[in-house]
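Our numbering puts the first residue of the sequence shown at 32, with every later residue one more than the last. Every residue gets a Cβ at the ideal spot worked out from N, C-alpha and C, and that includes glycine.
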Amino acid sequence: MFYIAGSNKSRSQWRVLKIDRLEPSELNIREDPTTYSASECYDLLKRVHEGNISTGGLRFVTKCYGIAGFVKFLGPYYMLLITRRRKIGTILGHTIYAVSKSEMIALPNSAVQSSLVYSKDENRYKRLLCTVDLTKDFFFSYSYNIMRSLQKNLCDGKTGQVLYETMFVWNEFLTRGVRNHLKNTMWTVALVHGFFKQAKLSISGKDFRLTLIARRSRHFAGTRYLKRGVNEKGRVANDVETEQIVFEDTPEEIHSEITSVVQNRGSIPLFWSQETSKLNIRPDIILHKKDKNYEATRLHFENLVKRYGNPIIILNLIKSREKKPRESLLRAEFANAIDFVNKDIPEERRLKFLHWDIQKHSRRKVANVLELLGKVAAYALDLTGFFYCQVTPDLQIQDLLSRGSTGEAISSYSNSLKDESTYVGTEQGHDNLVNEVQNGDNLAKSPRFQRGVLRTNCIDCLDRTNVAQYAYGLAALGHQLHALGFLDIPEVDLDSPLADDLMVFYERMGDTLALQYGGSAAHNKIFSERRGQWKAATQSQELFRTIQRYYSNAYMDAEKQDAINIFLGHFQPQQGKPALWELDSDQHYNTGGAILLLMKMQGTEF
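In structure tokens, the structure reads:
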């Protein structure tokens, strides 16, 4: 028997979880319903130890900070534990952690383990799963729903099981069994994959905290050439939500005002692909004409509206003209798809489609590219607005909504928001300071809500997309700091030190996302030239990253994709069925604070 003793942050309350180790292939977990004090829990475990002293009693196994899930290949179940963590930031006083170390422990004891535990295929599956390194770019929080945006967290109080079902929780499958068994999420942590960076910045002598979060979707997830375009359910490859949060830096970590803005990137929502080639560094783009009515494209944008509301603004950065048509083929078909989908949408809710060939504009000076992108970003931000609110310890959504100005409801963004008095930024209203309303004896600012989203894409949704997202982030930062009272006008100069600081954030994020999807750091030519880096050095760096990405795509992506499919539950091994590595393509199966102490009974080991 495994005993897991878990406590709350203050260690004043303890619970006990029991895992039967005599079941070789079943997950048999029981939760003790009693809540214990520290001394009571100690006494309980002491009695268990003394009652089994003849067979060895209890032995301490490990200290851990949450269960990441359970997995089964061909033999027994394994438990994935987070054994080390590190603090990487705080939001509204809630700590965000990254995984520093994890362990995978077989559940059955040696007396009941079958020979499958030591089989060649079983060990290969174990090694494959472990290539999804939880210490690289996975993060979590015990008390803040990091898989959701700030606006959703403050405006829609969903908790528990439903949060694990969101598209940004990567261990949803791994935790599904234990969550369904226990009917709670007390013992597990929801892992988000992507990027998280928080730092203190300053402007005009005032300090503020900037947080940049990228959340990768677990739907249609994978590597560059093996996951392109859209699937039948409307899920696209490399679907990433980026959130930029700004609040005043205070010693008490009590944020009286906070603001955020969300943007999105994702592969072009058509059926298209590129064959991985060990001979061709730039394989041809193959457009599959199997969806004449663009049903998958329509489903994709309906999902975006459900997630973010209207308007949906599409910024398409791919090439418009080429000697040999590649990207331009997709550009034309993408335009046809949007025209077709828009025919069935009321005019006021139609998708707004912006073509902007970034490489054509890049032939000019770099500063001009960012200035022009800044104008596009300002236009999009004017349409969607951003989120702002004043935060108090007892903030309730009813209070947040009651302070809003008259405007259109944003129920399409958050189903729980039905109050027609909710304030939504308008095209004319974003350049004005947040409205102030009298609230008793105190002067309070009315909240703002983001409605809609900017969706950016290039071919890979990596390098060019990252530059455009930086431009949007810079435009948003001016409005965010203006709303917080840090700036007199809602604008950050492109030549300011603060713009350079923000560039570092987006460059780091771009490198991280590019490594995850493309196999190399991002091509940052525009950022490098913007910093005045020597042109020859920039060209050398770009060439190295091109070769690195080519090697990764040609020689490593297949195994990387297999590991992702195992981790996400897209492929579940079965005895007597072909092994994962025997299949030609993953398309055959792709559908789209606490401390825990683990102890085991000595007597169950032989």
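Bridge partners of residue i, per DSSP?
i: Met-135; result: Leu-111
i: Ala-245; result: Phe-226, Thr-273
i: Cys-420; result: Ile-289
i: Phe-278; result: Arg-240, Ile-289
i: Gly-120; result: Ile-127
i: Trp-303; result: Leu-318
i: Arg-479; result: Tyr-419
i: Lys-258; result: Lys-258 pairs with nothing; no bridge assigned.
i: Leu-485; result: Ile-344
i: Leu-232; result: Phe-239
Cα separation between residue i and residue j?
i: Tyr-410; j: Gln-605; result: 52 Å
i: Leu-401; j: Asp-63; result: 59 Å
i: Met-217; j: Tyr-128; result: 17 Å
i: Tyr-96; j: Lys-103; result: 22 Å
i: Gly-109; j: Ile-50; result: Contrary to the premise, residue 109 reads as Tyr rather than Gly in this sequence. Cα to Cα, the separation comes out at about 11 Å.
i: Tyr-73; j: Asn-215; result: 24 Å
i: Asp-531; j: Phe-365; result: 34 Å
i: Gln-44; j: Ser-131; result: 26 Å
i: Val-336; j: Ile-343; result: 7 Å
i: Ile-389; j: Met-534; result: 18 Å
i: Leu-525; j: Leu-505; result: 8 Å
i: Ser-351; j: Gly-297; result: 19 Å
i: Leu-301; j: Phe-384; result: 15 Å
i: Asp-540; j: Ala-245; result: In the sequence under discussion, the amino acid at residue 540 is Met, which differs from the Asp named in the question. Using only the alpha carbons, I get a separation of about 8 Å.
i: His-80; j: Val-47; result: 14 Å
i: Gly-208; j: Asn-59; result: 10 Å
i: Leu-112; j: Lys-167; result: 15 Å
i: Val-422; j: Ser-287; result: 5 Å
i: Lys-180; j: Leu-412; result: Per the sequence shown, the amino acid found at residue 180 is Ser instead of Lys. Ser-180 and Leu-412: Cα-Cα distance of roughly 17 Å.
i: Tyr-195; j: Asn-176; result: 10 Å
i: Phe-33; j: Ala-99; result: 16 Å
i: Ser-235; j: Tyr-419; result: 21 Å
i: Phe-480; j: Leu-232; result: 24 Å
i: Gly-405; j: Tyr-501; result: 9 Å
i: Lys-476; j: Gln-275; result: 21 Å
i: Leu-76; j: Glu-613; result: 47 Å
i: Ser-38; j: Glu-71; result: 12 Å
i: Lys-228; j: Thr-121; result: 10 Å
i: Ile-119; j: Leu-544; result: 18 Å
Who are the near neighbours of residue i in its chain, counting only those whose CB is closer than 7 Å to its CB and skipping five residues on each side?
i: Glu-263; result: Ala-327
i: Trp-303; result: Arg-259, Gly-260, Ile-316, Ile-317, Leu-318, His-319, Leu-361
i: Tyr-325; result: Ala-368, Phe-371, Val-372
i: Glu-334; result: In the sequence as displayed, the identity of residue 334 is Asn instead of Glu. Around Asn-334: Gly-265.
i: Asp-152; result: Leu-105, Ala-610
Assign residue i to buried or exposed, taking buried as 16 or more other Cβ atoms, counted over all protein chains shown, within 10 Å of its Cβ.
i: Pro-377; result: exposed
i: Ala-514; result: buried
i: Val-193; result: exposed
i: Arg-78; result: exposed
i: Glu-203; result: buried
i: Phe-91; result: exposed
i: Arg-240; result: buried
i: Pro-478; result: buried
i: Asp-588; result: buried
i: Asp-491; result: buried
i: Ile-84; result: exposed
i: Ala-363; result: exposed
i: Gly-253; result: buried
i: Asp-375; result: exposed
i: Pro-282; result: exposed
i: Glu-272; result: buried
i: Ile-35; result: buried
i: Ala-268; result: buried
i: Asn-154; result: exposed
i: Asp-10; result: No answer is possible for residue 10: it lies beyond the span of the chain, which begins at 32 and ends at 637.
What does a CB cutoff of less than 6 Å around residue i pick up in its chain, not counting 5 residues either side in sequence?
i: Val-200; result: Met-178, Ala-221
i: Arg-329; result: Val-372
i: Thr-162; result: Ala-594
i: His-386; result: Asn-347
i: Thr-197; result: Met-178
i: Arg-28; result: Residue coverage of the chain in this structure runs from 32 to 637, which leaves residue 28 outside it and unanswerable.
With a threshold of 8 Å on Cβ separation, who are the neighbours of residue i within its own chain once the five nearest residues in sequence on each side are excluded?
i: Val-277; result: Phe-239, Arg-240, Leu-241, Thr-242, Ile-289, Thr-290, Ser-291, Leu-508, Gln-511, Leu-512, Leu-515
Mind checking if residue i is an interface residue toward chain B, Cβ cutoff 9 Å exclusive?
i: Ser-351; result: Here there is only one protein chain, and chain B is not present.
| query | Which residue spans inside the region 48-116 form an unbroken beta strand (DSSP E) run of at least 3? | reply | 60-62, 89-95, 98-103
| query | Which parts of the region 493-525 are runs of the alpha helix (DSSP H), unbroken and 4 residues or longer, counting only runs that do not cross its ends? | reply | 494-514
| field | alpha helix (DSSP H) runs contained entirely in the region 147-212, provided each spans 4 or more residues | value | 151-161, 181-186, 192-195
| request: Tell me the start and end of each unbroken alpha helix (DSSP H) in the region 321-391 that is at least 4 residues and wholly inside, in chain order. | output: 326-339, 358-373
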